[in-house]
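Student: Residue 557 is where the sequence shown starts when you use the working numbering, and the numbers rise one by one after that. Positions of the beta carbon are idealized from the N, C-alpha and C atoms, including for glycine. Could you have a look at this structure, given as structure tokens, before my questions?
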Amino acid sequence: MAKITASVYTSHVPAIGAALDLGKSNEPYWQPVFKGYDFSKQWLKDNTPDVIFLVYNDHATAFSLEMIPTFAIGCAESFTPADEGWGPRPVPVVQGHPELAAHIAQSVIQQDFDLTIVNKMDVDHGLTVPLSLMCGQPQAWPCPVIPFAVNVVQYPVPSGQRCFNLGKAIRKAVESFDKPLNVQIWGTGGMSHQLQGPRAGLINKEFDNAFLDKLIADPAAAAAIPHIDYVREAGSEGIELVMWLIARGAMADVAGGPPPKVAHRFYHVPASNTAVGHLILENN
Ligand code: DHB
Ligand code: FE
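Take a look at the structure:
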């Protein structure tokens, strides 16, 4: 049977992708950001899974106000990096895993989560920047990726609790797939940031670090945080953090297993307009 072996959590920022693509990652501003991922790049080389289930949000790239799926699972053979206004990022095409994606869709929908099935989709910085942070600049990504898009852009957005419960359902789905695949689940976006309005530029280190503590040690309490608290404390775009709860809900301890091992923890401000947070949790 397939198994979720670890979860990875990381912020995404378009400027991080641009820094890499334009050869600026050694500049003093960016060096400390990328340094936080040195461990992670080696860790991913040592722990390359068969498939990454990558929870992220689209930023009005593949979707728009014309169509707003709350949860969308990418079931295609491949996904092309999107043109977000400056041309597509020069990164590899993302290879999917249609067989596992279709199985997860079947299982999760039968567990009463209504997913949108997506058979053609471009992927924006929400998906490609986490891959770049964890993999550097390879010719090809190290394994197939199942993109799982969550609407955290246009209200109404799903609650943290619903995301956490969805993670539990994804875990059951993966564990009922009849092939011995090593699967990682990544939760991306966040941490605190607000890109518009009078509070643009908001960063809240105390909230972010308390969230990391809670996510590690008491994920059920993190899941209970109401969406208004994210907006108030972490800014309007801080709501991206609910996506981390999908990954956390899929870890073994939530289903009665042992607590995960914290393989890596990193926090840095600033990177563009956001705080960068990053965790790697391994199932024991
Ligand atoms: C920034 C952060 C985001 O999460 C995003 O989607 C776009 C921009 C920023 O910090 O500039
Ligand atoms: Fe974002």
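Please report the straight-line C-alpha distance between Phe726 and Leu768, rounded to a whole angstrom.
Tutor: Here residue 726 is taken as the residue at index 170 of the sequence shown, counted from 1. Here residue 768 is taken as the residue at index 212 of the sequence shown, counted from 1. In the sequence under discussion, the amino acid at residue 726 is Ile, which differs from the Phe named in the question. So the two alpha carbons sit approximately 22 Å from each other.
Student: Fully enclosed by the stretch 696-759, which beta strand (DSSP E) runs are 3 residues long or longer?
Tutor: Here the runs fully enclosed are 701-706, 738-744.
Student: So what's Gln651 in DSSP terms, helix, strand or just coil?
Tutor: Translated into the one-based positions of the sequence shown, residue 651 becomes position 95. Strand, per DSSP.
Student: Three or more beta-carbon pairs under 8 Å between the stretch 651-658 and the stretch 583-595, yes or no?
Tutor: Touching, no, given that fewer than three Cβ pairs across the two stretches are closer than 8 Å.
Student: Smallest Cα separation from Leu621: which of Ile795, Gly805, Pro754, Val709?
Tutor: Numbered from 1 along the sequence shown, position 65 holds the residue referred to as residue 621. Comparing Cα-Cα distances from Leu621 to each of Ile795, Gly805, Pro754, Val709, the minimum goes to Val709.
Student: State whether the stretch 699-719 contacts the stretch 789-802, with contact taken as three or more CB pairs (one from each stretch) at a distance under 8 Å.
Tutor: Because the criterion of three Cβ pairs below 8 Å is met, the stretch 699-719 and the stretch 789-802 touch.
Student: Using 7 Å as the threshold, is the C-beta distance between Ala638 and Thr604 below it?
Tutor: Counting from one through the sequence shown, the residue named residue 638 turns up at place 82. Counting from one through the sequence shown, the residue named residue 604 turns up at place 48. Not in contact: Ala638 and Thr604 (Cβ atoms no closer than 7 Å).
Student: Looking at Val679 and Phe635, is the spacing between their C-beta atoms short of 7 Å?
Tutor: What you label residue 635 is simply residue 79 of the sequence shown in a count that begins at 1. What you label residue 679 is simply residue 123 of the sequence shown in a count that begins at 1. Cβ atoms of Phe635 and Val679: closer than 7 Å.
Student: Answer with buried or exposed for Asn840, where buried requires no fewer than 16 other C-beta atoms within 10 angstroms of its C-beta.
Tutor: Mapped onto the sequence shown, residue 840 falls at position 284. Result: exposed.
Student: List in chain order the residues whose CB is within less than 6 Å of at least one heavy atom of the ligand SAM.
Tutor: Of the ligands one can find in the structure shown, namely the ligand DHB and the ligand FE, none is the ligand SAM.
Student: Check whether the Cβ atoms of Gly630 and Pro584 sit closer than 7 Å, and answer yes or no.
Tutor: Residue numbering aside, residue 630 sits at position 74 when the sequence shown is read from its first letter. Residue numbering aside, residue 584 sits at position 28 when the sequence shown is read from its first letter. No.
Student: From the DSSP secondary-structure annotation, give me the bridge partner or partners of His834.
Tutor: Mapped onto the sequence shown, residue 834 falls at position 278. Paired residues: Thr566, Phe822.
Student: If you measure between the beta carbons of Lys770 and Ala779, is that distance less than 7 Å?
Tutor: Translated into positions along the sequence shown, residue 770 becomes position 214. Translated into positions along the sequence shown, residue 779 becomes position 223. Cβ distance not < 7 Å, so Lys770 and Ala779 don't count as in contact.
Student: Within the same chain, show all residues whose beta-carbon is closer than 8 Å to that of Ser828, passing over the 5 residues directly before and after it, in chain order.
Tutor: Within the sequence shown, residue 828 is the residue found at index 272, counting from 1. Contacts found: Val569, Pro570, Ala571, Ile572.
Student: How is the alpha helix (DSSP H) around Pro775 delimited, first residue to last?
Tutor: By one-based count along the sequence shown, residue 775 stands at place 219. Residues 775-779.
Student: Does DSSP classify Ala827 as helix, strand or coil?
Tutor: Numbered from 1 along the sequence shown, position 271 holds the residue referred to as residue 827. Correct three-state label for Ala827: strand.
Student: Have a look at Glu838 and Leu578 and give me their C-alpha separation to the nearest angstrom.
Tutor: Taking the first residue of the sequence shown as position 1, residue 838 is located at position 282. Taking the first residue of the sequence shown as position 1, residue 578 is located at position 22. Roughly 33 Å separates the two Cα atoms.
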